[in-house]
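Per this note's numbering: the sequence shown = residues 1 to 601.
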Amino acid sequence: MATYDFERYLNVRSAHSASFGPDGERLTFLMDTTGVPQVWRLDEPRSWPTQMTFYDERVTFASWSPERDELVFGMDEGGNERAQLFRLDGDGEAITPLTAKPDAKHRWGGWNSDGSQFAFTSNRRDEAVFDVYVQDRDARGDDAELVYEGDGWLTVAGWSPDDDRLVVSEAYSSFDQDLYVLDLASGDLEHVTPHEGDVRYQSVQWGPEGDALYLVTDEGADTMYLARLDLATTELETVEEGGDWNVDGVALDEDTGRLVYSRNEDGYTDLTVAELTGERTLREFPTPNLPRGVAGGVSFGPDAEQFAITVTGSTNNTNVYVVETETGDAERWTDASTAGIPPETFVRPRLVHYETFDDRDIPAFFSVPEDATDGETPVVVDIHGGPESQRRPSFHAVKQYFLNRGYAYFEPNVRGSSGYGREYTHLDDVENRMDSVADIEAAVEWLHDQPAVDPDRIVAMGGSYGGFMVLAALTEYPDLWAAGVDVVGIANFVTFLENTGDWRRELREAEYGSLEEDREFLESVSPINNIQDIEAPLYVLHGENDPRVPVGEAEQIADEAAEQGVPVEKLIFPDEGHGFTKLENRIEAYTSIADFLDEHV
């Protein structure tokens with residue numbers, strides 16, 4: 001089988017985050033052809049796209065005005081996540097800065113119905129909290145109107161059909177939110193989701209009449225379900241049960257009542273397209289004929305006759321499809337390149353379940369090269385971040401490179417992962433943190449029983465919280481590993497919580513424990529305090545501008561491990577944040593990881 005270098009794999013492109021123009025004949029999307037995501041436009045399927053933005057920094061989203069020939073996009077600097085908003089003319093010839101507050105974050109809240117105004121939240125006033133703003137399309141900077149002063153993490157979920165109200169979400173943790181309706185004339189904020197305990201209210205959409213919200217929630221259930229929230233009574237009524245799997249998102253066109261909702265079935269997306277025939281009744285349309293994998297990011301065209309959606313799969317790089325709503329006929333619009341690598345060489349994983357220390361089954365995706373030799377195949381155990389995240393069967397260029405080079409690839413969804421119900425997600429909270437690390441030990445034991453695997457050549461790799469898991473696995477179970485790769489990971493929960501962005505601390509303490517009440521425990525589970533047990537060579541990579549996991553986490557773990565005599569390499573990028581977005585940096589990062597593993601594994 002032909003082999004390809006890492007740079008080729010990292011040049012496999014992704015097209016995603018589509019938005020229809022007001023006439024429905026143009027589609028914008030983000031694509032990383034130039035090395036970072038920029039705004040591109042298509043006028044017909046698979047035609048040559050027009051590039052509309054030309055920056056060295058990543059564009060984070062783009063949203064067409066509902067009536068004018070213009071769109072708003074967001075962009076941060078050097079991965080610092082302090083996104084600014086810009087207006088882009090539909091022909092791509094003029095760009096107007098709208099916020100120009102580089103020290104603040106701006107979280108897009110959508111256009112009103114005629115595109116004369118837009119909403120956003122920002123921490124301009126206080127770095128630790130987000131306020132709600134409304135701004136005229138032609139206003140700039142200080143001309144935004146502060147319509148509500150917040151005291152936490154607020155996000156605008158959308159305008160009401162008559163533009164007199166905003167629905168606002170407040171997050172206390174990843175698994176506990178509240179919804180409010182803000183009256184723009186009076187400034188009154190009405191709490192519409194009173195509840196006890198942790199409840200998620202997500203993917204919020206206004207109903208066609210403006211008297212209700214449609215959303216996904218786990219109120220009173222283990223899995224997420226599709227619900228209607230009556231704003232007059234604040235009663236929550238089920239539209240579609242979750243069952244064994246989460247309903248993980250809904251998009252609703254308020255003019256027609258047509259909607260798309262997705263169910264996460266063991267990582268794979270199952271889509272339902274329908275229209276409201278009553279407050280809680282649906283008429284379903286045929287299931288779209290899309291590739292199997294992970295799909296989301298729905299954008300309806302005019303009259304909801306069609307919608308754009310992003311689709312990715314284990315052997316399909318990310319592209320945008322347009323679906324005819326009533327028939328389910330789907331056509332791929334974008335043509336993101338596979339960099340000349342034949343798609344048939346990409347390896348599809350096997351969904352497996354392995355038993356862990358408390359007899360619980362842990363789901364995972366396991367990929368093995370076609371020409372693997374029994375007993376001689378090294379394995380990368382790639383641990384996702386979050387921790388409330390989920391490894392799903394999407395395209396992963398790094399994985400395909402290692403498979404092409406003879407590595408097997410194992411992607412576990414240990415306890416604490418999302419996608420498997422509320423109970424599973426909370427199994428690693430605070431004092432149970434190390435149970436998730438024990439799930440990694442069980443994964444390695446399972447791998448030892450697989451015929452292809454060389455038990456002496458197993459690598460731990462992960463990013464963000466997954467980086468913590470790598471470090472914890474290396475310190476807790478040092479004899480299992482040939483090497484470890486920590487990307488923007490947490491080494492010390494105390495210094496992480498002390499130094500993370502002010503706006504994030506409360507959210508993270510809800511998951512990990514608080515500095516005030518749990519400091520001793522946080523110190524006990526921090527890998528930096530158990531560094532004397534590490535044996536495997538370690539590679540540490542980080543972005544200097546990371547606002548989530550500050551770069552000091554990388555500095556201290558690399559220094560301490562080196563003092564213990566552990567072979568350590570460290571790579572810090574001055575123009576990156578929480579992860580690597582610039583192509584040249586990704587090439588340097590991952591080719592150096594490959595070289596590190598070639599040397600030690």
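Even glycine gets a Cβ: it sits at the ideal position worked out from N, Cα and C.
All values reported here derive from a predicted model rather than from experimental measurement.
- Cβ-Cβ distances below 7 angstroms link Thr3 to Asn404, Arg405 in the same chain, with the five nearest sequence neighbours on each side left out; the list follows chain order.
- Below 8 angstroms, too few C-beta pairs join the stretch 565 to 576 and the stretch 511 to 527 to call them touching: fewer than three.
- In this structure, the beta-carbon distance from Asp479 to Glu535 falls below 9 angstroms.
- When DSSP reads this structure, Phe86 sits in a beta bridge with Phe73, Pro97.
- Listed in chain order, the beta strand (DSSP E) runs fully inside the stretch 427 to 494 are 453 to 463, 483 to 487, counting runs of at least 3 residues.
- Taking all protein chains in view, the Cβ of Phe346 is crowded by 16 or more other Cβ atoms within 10 Å, so the residue is classified as buried.
- In the three-state reduction of the DSSP assignment, Thr310 falls in the strand class, which pools E and B.
- If the five residues before and after Asp486 are omitted, its C-beta is found closer than 6 angstroms to the C-beta atoms of Gly467, Val470, Leu471, Val540, all from its own chain and listed in chain order.
- For Arg228, the enclosing beta strand (DSSP E) stretches over residues 225 to 230.
- The beta carbon of Phe357 sits closer than 7 angstroms to those of Ala438, Ala442, all from its chain and outside the five residues before and after it, given in chain order.
- Here Gly220 is exposed. Its C-beta has fewer than 16 other C-beta atoms within 10 Å.
- In this structure, DSSP gives Leu290 a state outside helix and strand, which the three-state scheme calls coil.
- Between the C-alpha atoms of Phe300 and Pro66 there is a straight-line separation of about 11 angstroms.
- Taken through DSSP and simplified to helix, strand or coil, Gln532 comes out as helix.
- Under the DSSP definition of a beta bridge, Lys570 partners with Val540.
- If you ignore the 5 residues before and after Arg165, its C-beta comes within less than 8 angstroms of the C-beta of Trp159, Val181, Leu182, Asp183, Leu184, Gly210, all in its own chain and listed in chain order.
- Scanning Gly552, Asp114, Ser122 for the CA closest to the CA of Ala100 turns up Ser122.
- Rounded to the nearest whole angstrom, the C-alpha separation of Gln117 and His106 is 15 angstroms.
- Annotation for Tyr148: the continuous beta strand (DSSP E) segment containing it runs 145 to 148.
- Shown here, Val398 sits in a helix according to DSSP, grouped into three states.
- Here Pro387 is near Gly416, since their CB atoms are less than 9 angstroms apart.
- For Leu282, the three-state secondary structure derived from DSSP is strand.
- For Ser63, the beta-bridge partners assigned by DSSP are Val72.
- Annotation: the continuous alpha helix (DSSP H) that includes Gly552 extends over 552 to 563.
- In this chain, Glu599 is not harboured by any beta strand (DSSP E); it is covered by the alpha helix (DSSP H) spanning 583 to 600.
- The straight-line gap separating the alpha-carbon atoms of Tyr9 and Lys399 is approximately 9 angstroms.
- A check of alpha carbon separations from Val250 across Thr281, Gly243, Leu215 identifies Leu215 as the nearest.
- Per DSSP, the continuous beta strand (DSSP E) segment holding Val134 begins and ends at 131 to 136.
- In its chain, beyond the 5 residues on either side, Val488, Asp546, Arg548 have a beta carbon closer than 6 angstroms to the beta carbon of His578.
- Tyr55 carries a coil assignment under DSSP once its states are collapsed to helix, strand and coil.
- When C-beta atoms of the stretch 352 to 366 are compared with those of the stretch 320 to 334, fewer than three pairs fall below 8 angstroms, so the two segments do not count as touching.
- Proximity to Thr475 across Glu284, Trp64, Arg508, Asp533 peaks at Asp533, based on C-alpha coordinates.
- Judged by DSSP secondary structure, Val168 falls within the beta strand (DSSP E) whose first and last residues are 165 to 173.
- In this structure, the straight-line span from the alpha carbon of Phe73 to that of Thr60 is close to 7 angstroms.
- Going by beta carbons, Leu447 and Asn11 fall outside the 9 angstroms limit.
- When the beta-carbon positions are compared, Asp5 and Glu25 stay at least 9 angstroms from each other.
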